[in-house]
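Taken in order, the sequence shown gives residues 102 to 313; the numbers are from my numbering.
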Amino acid sequence: IQAGELVTLLGPSGCGKTTLLRIIAGFVEQTEGVVKVGGRAIDDLPANERQVGVVFQNYALFPHMTTLENVCYGLACRGISRQAQQTRAREMLEMVQMSHLADRLPRELSGGQQQRLCIARALAMKPRVLLLDEPTSALDPKSTSHIEDLITELKETVTIVMVTHNIGQASRVSDYTAFLYLGELVEYGTTEKLFTVPDDKRTEEYLSRKFG
102 IQAGELVTLL GPSGCGKTTL LRIIAGFVEQ TEGVVKVGGR AIDDLPANER
152 QVGVVFQNYA LFPHMTTLEN VCYGLACRGI SRQAQQTRAR EMLEMVQMSH
202 LADRLPRELS GGQQQRLCIA RALAMKPRVL LLDEPTSALD PKSTSHIEDL
252 ITELKETVTI VMVTHNIGQA SRVSDYTAFL YLGELVEYGT TEKLFTVPDD
302 KRTEEYLSRK FG
């Protein structure tokens, strides 16, 4: 995956998509291979030192903290001054169009707003790679469209790897797509090619909804 690309991991449930994200993030240790960011192996680094941001499927927001405080939390853990935390957090909320909701609690936000908050929180840490796990699975079509627009804009500044079951979403937003099946990388290439002339029969069958 090259810098500035948006890559989608596509495949049926249980094929290894989220496991691969967790390996990249440092939550799971792989049995083979090497994870590199910027050409450097990061397998020996803990998750908080990998320059990898993660947006979880279940949001994982702190319910007792405001929108602004949720974004500041990771920065505070790194010992960044309160003023710098606030400045960075407000910049990120502005990026995701949520500055006006800085004082709201997560329960006062819609699903789409909570997801944008999660993205702002991840970006506040200045990651080189942003991992998105089913970022729109619980959202309505309008909120999904807004998140997809945001993701497309973000790839100008950060490399993105996204897990999705949504074939249409993968075709709309990703530059490259990887199709996984039963723990195997079956096929990887430009999204346009993979969706129009896949090399593997299993990819073709999945995209035509014959299984998965």
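Heads up, the beta-carbon is just placed ideally off N, CA and C, and yes, glycines get one too.
Inset, instruction - Out of 215, 291, 151, 139, point me to the one whose CA is closest to residue 123's CA. - result: 151
Inset, instruction - Pick helix, strand or coil for residue 109, following the three-state DSSP scheme. - result: strand
Inset, instruction - Evaluate the contact criterion for the region 277-287 versus the region 105-117: three or more CB pairs, one atom per stretch, below 8 Å. - result: yes
Inset, instruction - Compute the Euclidean distance between the alpha carbons of residue 267 and residue 240, then round it to the nearest angstrom. - result: 12 Å
Inset, instruction - Along the alpha helix (DSSP H) that carries residue 274, what are the first and last residues, could you check? - result: 268-274
Inset, instruction - Mind listing, in chain order, the continuous alpha helix (DSSP H) runs of no fewer than 4 residues lying wholly within the region 212-277? - result: 212-224, 242-255, 268-274
Inset, instruction - Tell me, please, which residues DSSP counts as bridged to residue 289. - result: 279
Inset, instruction - Using alpha carbons as the reference points, say which of 236, 170, 130, 214 lies closest to residue 265. - result: 236
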